[in-house]
Each structure stands twice: as C-alpha cells, then as structure tokens.
Amino acid sequence: MCGIVGYIGKADAPTVLINGLRRLEYRGYDSAGIAILDEGRIVVSKAPGKVSVLNEQARSAWPAARFDRCTTGIAHTRWATHGPPTEVNAHPHLDQSGEIAMVHNGIIENYRSLRVRLEAKGHQFHSETDTEVLVHLIGEYDRGDLFQAVCDALHQVEGTFGIAVLSAREPGKIITARRGSPIIIGVGDGETIIASDAAAILAHTQRVIYLDDNDIAVVTAESVDIRDLHNIPVTREIAELDMDAAAAGKGGFDHFMLKEIHEQPDSLGNAIRGRLDFNQGSSVLAGMGTSQRELAELRRVVLIGCGTSLYAGLVGEFAFEDLADIHAEVQQAAEFRYRNPILGSRDLVIAISQSGETADTLAAVREAKQKGAFVMSLCNVVGSTIARETGRGVYLHAGPEISVASTKAFTCQVAVLLMMALKLGRGRRFSRDDGMRFAKEIENTPALVGRVIQQNARIAEIAAAYAHHEHAFFIGRGPMYPVAMEGALKLKEISYIHAEGFHAAELKHGPIALLVQGTPIIAIACDIPGKSKTLGNIEECRARGARILGIVTEGDDEAAASMDDFITIPRCHPLVATIPAVVALQLLAYHIARLRGCEIDQPRNLAKSVTVE
Ligand code: M6R
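Under the numbering used here, the first residue of the sequence shown carries the number 4, and numbering increases by one thereafter.
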C-alpha cells in the first residue's frame, strides 16, 4: 500500500528518497512521486508506474547540481484509492500557493465537504485525491507557522493519515503526523529519515521513534520534537530496529517470495527458539503476560485476522480445541466490529497480523479492547501499531517478509499458535508427557519444512502440468481445510489463476458442478484422520475428469496411487502437518506463477500491508 519517505540531512536528498521508495516497492503501489526543496522553491516530479520510471524522469529533467545541493525532501508510492494512478493523482500534492507539499497515507473521509468549503474560498484542485484537499487546508491555515497550520488542519479531518509536509517558507524542517497509519522516524547522525515502514530507514540508522496516533513531530536534521495535536509535548522512546539491511535483500534468489519460502526452516527456528519447555511439556511465551491461573479461567479464544493471517487463525482454532479443550472461533477482522461480538474478560482475543498494520485487524483490536476482552497480538513487525496497541502478545521473529504473498509469516503464525495452544492445553487436558511429545513435534518443524523444500525441482516440474489452466480447486478437511484455502489464496494472488479452497466434503454440495475434463484438483490428503474420506472425494473428482495433484504423507503408497501427481510431506502430528503441507503449496504457486511470467513479488492490485478498511 502507499509508502512515505522523508529526508532532511546532509546527503543528496533525491537519491536518498528514491532509494527509500525502492525499499517500499514490495508494499504494492501504482505511481510514485518526489518533492524537494531547491533554492527556496519546491520542485516536484511524479509518474505513474514504477519508481524506476520516476527515477529516470527526475534524472533527465533535473540538473545534476540539484541532486548535489538538495538535502531536504519527501517522496511517496501511491496505491490508488481516490482516482486512478495518473501523474496528477500521484503524491506529493501542493497547496494553493505551491509552496507547501505533502505526502499522505490513509483516507480523509470528509474530504468532499472540506473540498466544497475550500472551493468556495477560491481554491482550485487538480487531482481527484483526498490528499490534495488536506494540503490545501494546511495552506489555508498557514499564517507563518507550519506546525500550527498542520495541527489546525488535522483537527478538521475525519479518517486516517500518516503525513509528511514540507514548506518552502520554512526550510530546514519537515512536519510529520499520524492517526491510524504508521510513521517511523529514523534518528541518524546529522540526518533524520521519516518513513511509513522501517525498510526505508534501515540503510541509514537502526535508531527509530514510532509515532503514536495523534502525534505530530517537527523534524530537523538534528532534532525530533513531538507534540500532540494540542501542542503539548509528548515523549516517545528511541527503539532499536530488529532487522538488518541484508535481510531486506533477495540473497541470490530470483524473487523475494522464493527466498522467503527457503528461509522457513530458519524463520521457524527463530519463532520457536527458547519457547519450548521440554521439562514441563509446555511453552514459555512471556509476551502473553498471563498467569497459568488466568489461562485456566479463560472461557473462549477468538482469533481475528485477514487473508493469510485469517487462515493461520483457522488452523489455530483446531489447535485450541484439540489441545486445550477450549472453545475457539475465528472471525474475519473486517466484520468484527460491525456484528456486536459478545466478549468479556474471560475471552482471549488473539489478533493475527504479519504487518501489524492491517486496518481491519486494528479496528477489531480496538473493538475487543473496548468490550473488555483479554486482547493480545501475534505480529511479525516489531513495534507495529497492533503490537503496540495490544501491549501483550508474541512476536513471530520470522524476519522481514518483503514479498506481497505471505509465506514464512503463515508457517510461523501456525507454529506460535501451536505453542499457545500447548500452553493452554497443559493447564487443562494435556499431561506432561503429552506436552513433551507435542513440544518435540513443534521443535521438528524446521526439519519437516526442509524436506519439502528439497523437492523444489520436482515441484517445478509438476507445476508445468498445471500452469496453463484458468481454474484450480484446493480441497482438504480438518486442519487441512484452512491449508487448502491458503494454497488457493497463494495461487490466485500471484498467478491470477482463479483458485478456490473447499472443504473436501463440500465439493459434492455444489462446486463439483465446475469440474470438466482436466480441471486441476489439489488435494491435501496427508495421513491424518479423515484421509480415507478425502480419498473418496478425490475419486468423485476423478470420475468427472479432474486431474489430481495430491499432498500426501511420505510412504503412504495408497494415497500416492490415487493421484496423477503428488508431493510428499513427512509423517507428523496432524496439526503440525499443516506447516510442511502449506510449504508444498507455496512452492507450487510460485512455480506456476513463474511459468506464467507473472510479477511474483508485486502482484497486480495488491498491497503488502492493507491500511485502509
Ligand atoms: O499483515 P497482515 O497479516 O495483517 O495481512 C493480512 C492480509 O492482507 C495478508 O495476509 C494478505 O492476504 C497476503 N497478501 C496473503 O499472501
């Protein structure tokens, strides 16, 4: 989704800003732009398409000296919401005087009424965006104090924003503020970098300040002064970033997605390390911040998330019920606050989000807190809004996930959910011996995933038989049903093949009507309870001409013989088996998308972190 970079310091700002935008490309965007201060004027360059187009445009249009002498600017990648991805709609936008420039993430919900008000005062707008309205409003309030003008304007807006504002009348500073859309300030040595995502800051410094909602900061090369919207100073700690620049590179792989799939033995190792207690047959998850007594008193677990995180939650639902005998349910985060969720202090709400910034999940977190539930998060991005707002939870430690298609976050989410369920289970039905056995199973997940990754070349060959189809159906039952849905999501988002995940038993209630000669059925038919029924469903598909690709357990010749093609996963506990099974589907989706020539890491229309509802 949209990305912000701002820079003030001693280096060549256009280059710093464009490099920062490159670091944000993974988030998904469709146009880009930059504004810099040059000899008392604001100079803007914007272009639809990639950052590389913007770079070429700026380098050919601007004199080389401008790159050398400009040390202050703001830049943006835009994921279109209000108006198509054209040059005129791209950020930065200017106020009426042309002396104030702004970049903005989020949505100003009351922009129409503000625009009418400003038009009545003679303002002329060039774009269809809500952002241009906000910068005009700032210009309208500016009486020689940019900070105060931004405060005054922000008091008028409804909606969400992360902004960076630059004025030719007040060089030497950038004003930045947030409400519902992240802003991180990197504190360097004689330079300060503002960004909506730590990836753009890494190359400069590891020392960062996370703004909270309704914080507004005056940033110079040497200082960061943070206040609230009533001009009262607030204190925000400087934190150390938990990632390094190398981790944000492709490391020799053709795509971030392939790299991240291959990283899973390590990312799972990091997610698990130090968190299994083999002596007690339990797990140690200090971030949950709960006593064993509080856990014993819980009545229900509610898992919320979107997309891949939602599907991880569905695996978690099985785990909490199977291991801990506790009622568990999954709710799609966007729906949560619109449906009167019945919650109380004995309900544990777990918000699952790789980015920790998903607007729907954040809104659900706020609703759950308001209703007095016991709320915690499962995030990957340290210091993200959801992690901070929940205040308790468990980080995945999966490392930066750059590819829009989530891979290693899913497997680590499942691993952590299994550890949470184990912890709850030990306070309920699990004996110490049961717990020890299950802890061993979790510990083994990196090796299980490694065995699937070893089949990469074979999976690439199998993919060739499925890459030319326009529809594909994934089936599974029990905990493999969410795996089927996640496999379908992976395939559709990166290959643009229409893919659906169905419960294996549900096919005959309707979807089977879609099968024609050769339709791909990807069946997760590992050796877990219910397998024989799934094999029966496969025969029903075969009888209607479908081509079957099975995910089967190593050594299960009966299941393998039912398939046209198969990929194996090692034998393990049915809940644990979701992890290697999904890795097989990730590799399948990757190779199909590659054969179809798709842009794997940045699929069309998608954003890595979805910060609008
Ligand atoms: O950052 P989150 O986990 O909250 O993101 C949720 C979804 O937007 C995300 O999982 C999305 O579905 C991915 N593109 C899936 O690959």
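The beta carbon of each residue, even a glycine, is placed where N, CA and C say it ideally should be.
Which residue comes first and which comes last in the alpha helix (DSSP H) that contains residue i?
i, result
"lysine 443", "435-446"
"glutamate 616", "Where glutamate 616 is concerned, there is no enclosing alpha helix (DSSP H), given that its DSSP letter is neither H nor E."
"isoleucine 11", "Counting along the chain, isoleucine 11 falls outside any alpha helix (DSSP H), though it belongs to the beta strand (DSSP E) covering 6-11."
"arginine 118", "114-123"
"methionine 422", "411-429"
"phenylalanine 321", "310-327"
"arginine 461", "459-467"
"aspartate 218", "Where aspartate 218 is concerned, there is no enclosing alpha helix (DSSP H), although the beta strand (DSSP E) it sits in stretches over 218-222."
"proline 185", "Note, proline 185: premise wrong, no alpha helix (DSSP H); not H, not E."
"histidine 139", "133-144"
To the nearest angstrom, report how far apart residue i and residue j are at their CA atoms.
i, j, result
"methionine 260", "isoleucine 196", "28 Å"
"glutamine 458", "glutamine 416", "23 Å"
"glycine 175", "isoleucine 11", "7 Å"
"serine 286", "glutamine 295", "12 Å"
"threonine 615", "alanine 412", "Looking at the sequence itself, residue 615 is valine, so the reference to threonine does not match. Using only the alpha carbons, I get a separation of about 21 Å."
"threonine 522", "isoleucine 500", "12 Å"
"lysine 534", "glutamine 334", "27 Å"
"aspartate 363", "tyrosine 341", "11 Å"
"glycine 308", "asparagine 234", "35 Å"
"isoleucine 525", "alanine 460", "18 Å"
"alanine 167", "alanine 156", "13 Å"
"leucine 421", "alanine 336", "21 Å"
"methionine 105", "arginine 81", "13 Å"
"arginine 480", "serine 498", "24 Å"
"alanine 202", "isoleucine 515", "45 Å"
"alanine 491", "glutamate 503", "5 Å"
"arginine 182", "aspartate 218", "8 Å"
"histidine 430", "glycine 347", "For clarity, residue 430 is glycine in the given sequence; the question names histidine instead. The straight-line gap from Cα to Cα measures roughly 20 Å."
"leucine 27", "arginine 369", "27 Å"
"alanine 475", "alanine 152", "54 Å"
"aspartate 604", "proline 449", "24 Å"
Can residue i be considered in contact with the ligand M6R, in the sense that its beta carbon sits closer than 7 Å to one or more heavy atoms?
i, result
"glutamine 334", "no"
"glutamate 496", "yes"
"glutamine 630", "Residue 630 falls outside the range modelled here, since the chain spans only 4 to 616, and no answer is possible."
"valine 397", "no"
"valine 318", "no"
"glycine 310", "yes"
"threonine 195", "no"
"valine 417", "no"
"serine 612", "yes"
"leucine 609", "yes"
"valine 407", "yes"
"alanine 206", "no"
"alanine 337", "no"
"leucine 538", "no"
"alanine 487", "no"
"threonine 364", "yes"
"valine 492", "In the sequence as displayed, the identity of residue 492 is leucine instead of valine. Checking the Cβ of leucine 492 against the ligand M6R gives yes."
"alanine 401", "no"
"alanine 201", "no"
"alanine 475", "no"
"alanine 274", "no"
Would you mind reading off the limits of the beta strand (DSSP E) that contains residue i?
i, result
"glycine 36", "34-41"
"valine 168", "164-170"
"aspartate 231", "227-231"
"valine 153", "Valine 153 -> not in any beta strand (DSSP E); alpha helix (DSSP H) instead, spanning 149-159."
"leucine 271", "Not the beta strand (DSSP E): leucine 271 falls in the alpha helix (DSSP H), residues 267-275."
"histidine 258", "No beta strand (DSSP E) holds histidine 258; DSSP gives it neither H nor E."
"histidine 474", "474-479"
"alanine 502", "501-506"
"threonine 195", "195-198"
"tyrosine 213", "210-213"
"threonine 179", "177-182"
"isoleucine 524", "523-527"
What is the C-beta distance between residue i and residue j, in whole angstroms, given that I count them as a contact (C-beta under 8 Å)?
i, j, result
"leucine 40", "glycine 76", "7 Å"
"valine 419", "leucine 399", "6 Å"
"isoleucine 204", "glycine 142", "About 29 Å; that fails the 8 Å criterion."
"histidine 124", "threonine 74", "Just to set this straight, residue 124 is lysine in the shown sequence, not histidine. That pair is no contact at about 34 Å."
"isoleucine 188", "valine 237", "That belief does not hold up - the Cβ atoms of isoleucine 188 and valine 237 are roughly 13 Å apart, past 8 Å."
"alanine 50", "alanine 35", "6 Å"
"leucine 381", "isoleucine 353", "6 Å"
Using a threshold of 7 Å, is the CB atom of residue i nearer than that to any non-hydrogen atom of the ligand NAD?
i, result
"valine 455", "The ligand NAD is absent from the structure shown, which contains only the ligand M6R."
message: Suppose only complete runs of 3+ residues qualify. What are the beta strand (DSSP E) ranges in the region 335-402, listed by chain order?
response: 350-356, 377-382, 396-398
- prompt: Which runs of the alpha helix (DSSP H) spanning at least 4 residues fall entirely within the region 548-603, listed in chain order?
  reply: 560-564, 581-598
task: Entirely within the region 40-100 and at least 3 residues each: give me those beta strand (DSSP E) ranges in chain order.
output: 44-51, 75-81
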